Structure formats: structure tokens, C-alpha cells
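Novice: Position one of the sequence shown corresponds to residue 1 (our numbering), numbered consecutively onward.
All C-beta atoms, glycine included, are put in the ideal place defined by N, C-alpha and C.
Note that the structure is predicted; figures quoted are calculated from it, not measured.
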Amino acid sequence: MQIDTLTSDEIGRYLDLTAQATKLAAQNVANIDTPGYRSLGIDFESEMRKEIGRAESKGGPDGKQTAQVRFEDGLVARPDGNNVSMDRESLNLALAQLRFKTGIAVLRRQYQMIADAIRADGK
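1. Report the three-state DSSP secondary structure of R70 (helix, strand or coil).
2. Starting from I11, follow the alpha helix (DSSP H) in both directions and report where the run begins and ends.
3. Apart from the five residues just before and just after L75, which ones in its own chain have a Cβ nearer than 7 Å to its Cβ?
4. Out of curiosity, what's the CA-to-CA distance linking Q110 and R13?
5. Taking the alpha-carbon of G81 as reference, which of A96, L91 and N31 has the nearest alpha-carbon?
6. Report yes if the CB atom of T17 is closer than 9 Å to the CB atom of A67, and no otherwise.
7. By DSSP, does G36 sit in helix, in strand, or in coil?
8. Leaving aside the five residues before and after T22 along the sequence, list all residues of the same chain whose C-beta is less than 7 Å from its C-beta, in chain order.
9. Please name the residue, chosen from I118, D73 and A117, that lies closest to I42 on a Cα-to-Cα basis.
10. Which residue from A105, V69, D116 and K101 puts its Cα closest to that of A205?
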């Protein structure tokens, strides 16, 4: 996915998905000692593709959509049934932070280009 070709509305949705992924990772960490708790997550790339498809078919993104939260299958569970891995959640949080910084940088660049165009037109 080429983030630098997204519109500001789509970048807003990108940031919303990033925030949702961050909240889920934090929720997983908070439940690391809860017996039977299963790690939750979203398929970020799939959700972003769906959002872009919605935006293209409707002429703009629908801000009311939320990502489908799913259990993270295939993870090794401890004897108490909990499958949260601190290493995995730390990686998820780092990835979310990187995505957030990238989204903000692209959005900032878009607004800077608009401001530059306005200044150039006024000269």
C-alpha cells in the first residue's frame, strides 16, 4: 500500500486504524495474567484496503466504520489458556507507533504542499 497517494480523509482513517490497533495491543498487555484470555487484533492491511475500496465506491471514506476485531489464532497458549505474548505485543505497539508517525508525516507534507501553493499563488 502506497501511503503517500492517500487523501487526507484516508490518512485520517489510517490513523484511526492505527489507534485501534494500539488500544487492542494495550488491552492484550493488560490481560496478560488473565486465565483463558485470547489475544485480540485487527488485520491492518486488509482493513485499510477495505476502507480504500469503500472510499472509491462511495466517493469518500465512511468514518463510521470500525475494523473487524478478531482473535489472534495460531499463538501458543500457556497452561492457563492465555496466549498473550509480551514480545508480540511490544512488536505490535512499535509497529503502530511507526505507522502513526508515518501517517502524520504524510499528512503534514500534504498540508505543507497546500500552504506552499497558496503562498505561491499570492505572490
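Specialist: Quick answer:
1. Taking the first residue of the sequence shown as position 1, residue 70 is located at position 70. Strand at R70.
2. Taking the first residue of the sequence shown as position 1, residue 11 is located at position 11. Bounds of the alpha helix (DSSP H) holding I11 are S8 to A30.
3. Locating residue 75 in the sequence shown gives position 75, counting from the first residue. Within the same chain, L75 has close Cβ partners S39, N83 and S85.
4. What you label residue 110 is simply residue 110 of the sequence shown in a count that begins at 1. What you label residue 13 is simply residue 13 of the sequence shown in a count that begins at 1. Between the C-alpha atoms of Q110 and R13 there is a straight-line separation of about 15 Å.
5. What you label residue 81 is simply residue 81 of the sequence shown in a count that begins at 1. Check the Cα spacing between G81 and each of A96, L91 and N31: the tightest is with N31.
6. As a first step, residue 17 must be located in the sequence shown, where it is residue number 17. As a first step, residue 67 must be located in the sequence shown, where it is residue number 67. Reading off the sequence shown, one finds Leu at residue 17, where the question assumed Thr. Yes, the pair counts as a contact, with Cβ atoms nearer than the cut-off.
7. Position 36 of the sequence shown holds residue 36. Coil at G36, not helix or strand.
8. Here residue 22 corresponds to residue number 22 of the sequence shown, with the count starting at 1. Same-chain partners within the cutoff: L93 and A96.
9. As a first step, residue 42 is located in the sequence shown; it is residue number 42 there, counting from the start. Considering only alpha carbons, the answer is D73.
10. It is not possible to answer for residue 205, since the shown part of the chain is limited to 1 through 123.
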